[in-house]
Amino acid sequence: MDLDELNTYLSRLQGQATVEKINVPTEQESGSLKIKFNGDIGTRDNGEIEVEFFDVDSLSLAFSLIGPIKIVIANELVSSYLNQNYLEKNFNFYQLIDDVGVKWWIYAKNFRAKKLPAFYK
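The working numbering applies: residue 175 is where the sequence shown begins, and numbers increase by one.
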């Protein structure tokens with residue numbers, strides 16, 4: 175799923191987004207981050223989506239966000255947040271903009287999005 179398709183999907187999800195899993199980088203393994211975006215709460219759920227970021231170098235993110243959320247690649251801003259010594263080739267500076275316009279960020283190599291089936295009570 176590309177970023178435009180992901181943002182189209184996320185724009186319809188009005189529920190909470192929570193950090194599900196953080197793997198801290200070690201010598202054997204790179205860092206990763208998984209966020210679960212939830213739909214409306216009620217008898218009919220609009221669905222959920224999991225977004226996992228790979229090779230995470232650094233981030234500034236709350237453990238819980240309120241949707242809708244938009245994700246943009248803002249590589250031109252990375253030097254405003256990180257020192258030149260910490261920049262990596264082929265990494266992207268992802269900004270997550272929440273429902274009130276607060277901008278969080280994740281500096282990672284790539285992401286993968288996975289649609290989860292809608293839950294019906």
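Beta carbons are placed, not taken as given, at the ideal position from N, Cα and C, and that holds for glycine.
* To do: Determine contact between the stretch 222–232 and the stretch 257–266, defined as no fewer than three beta-carbon pairs at a distance below 8 Å.
  => Short answer: they touch.
* **Cβ-heavy atom distance, residue 200 to the ligand MN, below 8 Å** => Because no ligand of any kind appears in the structure shown, any question about the ligand MN cannot be addressed here.
* To do: Quick one: using the 10 Å Cβ neighbour count with 16 as the cut-off for buried, is residue 247 buried or exposed?
  => Exposure of residue 247 is indicated by the presence of fewer than 16 other C-beta atoms within 10 angstroms of its C-beta.
* Grouping DSSP H, G and I as helix and E and B as strand, with all else coil, what is residue 182? -> helix
* Distance between residue 290 and residue 250 (C-alpha atoms, nearest Å) -> 32 Å
* To do: Could you give the DSSP three-state label for residue 216: helix, strand or coil?
  => Interpretation of residue 216 is limited by its pLDDT of 49, a score under 50 that renders its predicted location unreliable; the figure taken from the coordinates is listed afterwards. Residue state, collapsed to three classes: coil.
* Asked: In three-state DSSP terms, what is residue 235?
  -> coil
* Return yes when the Cβ of residue 193 is within less than 9 Å of the Cβ of residue 235, no when it is not. => Yes, the pair counts as a contact, with Cβ atoms nearer than the cut-off.
* Can you tell me which of the three DSSP states residue 250 falls into? => helix
* To do: Classify residue 226 as buried or exposed, calling it buried when 16 or more other Cβ atoms lie within 10 Å of its own Cβ.
  => buried
* Asked: With 16 as the cutoff for other CB atoms within 10 Å, does residue 254 come out buried or exposed?
  -> Taking all protein chains in view, the Cβ of residue 254 is surrounded by fewer than 16 other Cβ atoms within 10 Å, so the residue is classified as exposed.
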